[in-house]
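Using numbering that gives the first Met the number 0, read the sequence shown as starting at 0 and increasing by one per residue.
Written out below as structure tokens is the structure these notes cover.
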Amino acid sequence: MLAVDVTCWLRPEAHTSPGRMMCHTYGRGKDQHIGVPGWPWSVVVALETGRSSWTAPLDAVRLAPGEDAAAVTAYQLRRVVTGLIEAGHWDAGDPEILIVADAGYDGPRLSFVLADLPVRVLVRMRSDRVLRRAALSDRRHTVGRPCRHGSEFVFGQTATWGEPDVQISTDTRHYGPARIRAWDRLHPRLTHRTAWAAHTGDLPVLEGTVIRLDVERLPSGAIPKPVWLWHSATDLDPGQVDLAWQAFLRRFDIEHTFRMLKQTLGWTCPKLRDPAAAERWTWLVLAAYTQLRLARNVAADLRRPWEKPLPPQRVTPARLRRGFRYLHPRLPPLAAAPKLCRPGPGRPAGHPNQRPAARHDVHTASRPDRPKPHRHKPKKPSATPRPRRTG
0 MLAVDVTCWL RPEAHTSPGR MMCHTYGRGK DQHIGVPGWP WSVVVALETG RSSWTAPLDA
60 VRLAPGEDAA AVTAYQLRRV VTGLIEAGHW DAGDPEILIV ADAGYDGPRL SFVLADLPVR
120 VLVRMRSDRV LRRAALSDRR HTVGRPCRHG SEFVFGQTAT WGEPDVQIST DTRHYGPARI
180 RAWDRLHPRL THRTAWAAHT GDLPVLEGTV IRLDVERLPS GAIPKPVWLW HSATDLDPGQ
240 VDLAWQAFLR RFDIEHTFRM LKQTLGWTCP KLRDPAAAER WTWLVLAAYT QLRLARNVAA
300 DLRRPWEKPL PPQRVTPARL RRGFRYLHPR LPPLAAAPKL CRPGPGRPAG HPNQRPAARH
360 DVHTASRPDR PKPHRHKPKK PSATPRPRRT G
């Protein structure tokens, strides 16, 4: 099972660093999402089974200005899955690889682009989406083009849902009673815009299974909201639906990896100017994290006095990092001894810099710039505060 997400290396004061973009940040204000200049990174990790904060980072790509984030993610996933197949980690007859992602990714688009690979896509959808059912075959009308879309399935209107194809009720330890409902063969109505603007011919009908998860409480005490999921597979039985929503909860393990890379391993601490240097440093940090993951069974658990003891298979990455210092002297040397050197003389005192570094602007979007269509009539303000999405 693979998870993909974007994390940002914030560089708000690095005016001489090229390739910066406005990154969405959370928690920097009271109920505010503030944009901060930085370098966004798309990271793909392999998730483990069961409750664990460990992941296996497989790839990391910096999103450059002008690149389509969806296209970069699809190419990144294709490269990772192809590498896993060539390395012998997946053989014919094995279960398909499940890719989980958050609501920022277009699940139907990913499933269409990766249709030739043995993968299934499971993404969270926004609560204002509108999907369509399969078109009913009506033989009475033989003139004209047949219908390609059926009735609407509006996430925010219960009257359009109908009876679910699968319904499950279960008890959870952290969330209380949970209710899972699934509706089969729902698809978005695509248009020749955004990612599908260059598509030739008829747009595809990308059917999948929509899963709604309702819980009684949250561990943080906040008001629980329903979670909508879209699975690229159809005709799921109750066991597969029950496994799908639990697999999506494992996606949050990648957030623990991001926090480990930034707060413990110091991924975003160096003040690097060149994006190429940042890419090399990123791979060094990922290699260090991989060394910690491989040393889980041999390194000691160095815990604080107030922390509870954990079995060896449940040691967290941060606690293993503390005990790695005692394992390192027993390992064979993997690099040559560092050479002694002295810093250069630098610029003489009183001589200002005659060649200042170039300043670079901050880009606001990652997708290629497209000319906006000229509209003769001004748009009227919407009567609803939050219009629904039709795709």
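Where a beta carbon is used, it is the ideal one built from N, C-alpha and C, also for glycine.
When DSSP builds the beta bridges, which residues end up paired with residue i?
i	result
V226	L212
T24	I33
A166	Reading off the sequence, residue 166 comes out as Gln, not Ala. Q166 pairs with R180.
G87	Answer is none; G87 lacks a bridge partner.
R123	L228
T171	G175
Look at the alpha carbon of residue i and the alpha carbon of residue j, and state the distance between them as a whole number of angstroms.
i	j	result
D360	K261	25 Å
T289	D164	42 Å
M20	R303	39 Å
L283	G343	26 Å
T193	P145	26 Å
T263	A317	7 Å
G155	R211	12 Å
G49	R358	48 Å
E12	A276	17 Å
E215	T256	28 Å
L9	W53	24 Å
H173	P337	50 Å
R321	E306	13 Å
R123	W229	6 Å
I33	T6	15 Å
D101	T267	23 Å
G18	V43	21 Å
K270	S219	35 Å
D90	A246	22 Å
For residue i, name the three-state secondary structure that DSSP assigns.
i	result
F154	coil
V361	coil
D183	strand
V284	helix
A133	coil
S41	strand
L62	coil
T15	coil
L293	helix
G161	coil
P218	coil
L57	strand
R78	helix
Q353	coil
L109	helix
T72	helix
A276	helix
T267	coil
Can you name the start and end residues of the beta strand (DSSP E) that residue i belongs to?
i	result
T48	Looking at the DSSP string, T48 is not in any beta strand (DSSP E), and its letter there is neither H nor E.
W244	Taken as a continuous stretch (DSSP letters only), W244 belongs to no beta strand (DSSP E), being part of the alpha helix (DSSP H) at P237 to L248.
L116	Where L116 is concerned, there is no enclosing beta strand (DSSP E), given that its DSSP letter is neither H nor E.
L9	L1 to L9
R97	For the sequence presented, residue 97 should be read as Leu rather than Arg. Per DSSP, L97 belongs to the beta strand (DSSP E) from I96 to A100.
For the alpha helix (DSSP H) containing residue i, list its first residue and its last residue.
i	result
A348	From DSSP, A348 is part of no alpha helix (DSSP H); its letter is neither H nor E.
R258	D252 to R258
Would you check whether the ligand PLP has a heavy atom nearer than 8 Å to the C-beta of residue i?
i	result
A356	Summarising the ligand content, the structure contains no ligands, and the ligand PLP is consequently not present.
List, from N- to C-terminal side, the alpha helix (DSSP H) runs of 4 residues or more that fit wholly inside the region 307-346. DSSP runs (the alpha helix (DSSP H)) wholly in the region 307-346: 316-326.
What ranges does the alpha helix (DSSP H) occupy inside the region 183-207, keeping only unbroken runs of at least 4 residues that lie completely in it? Segments of the alpha helix (DSSP H) lying fully in the region 183-207: there are none.
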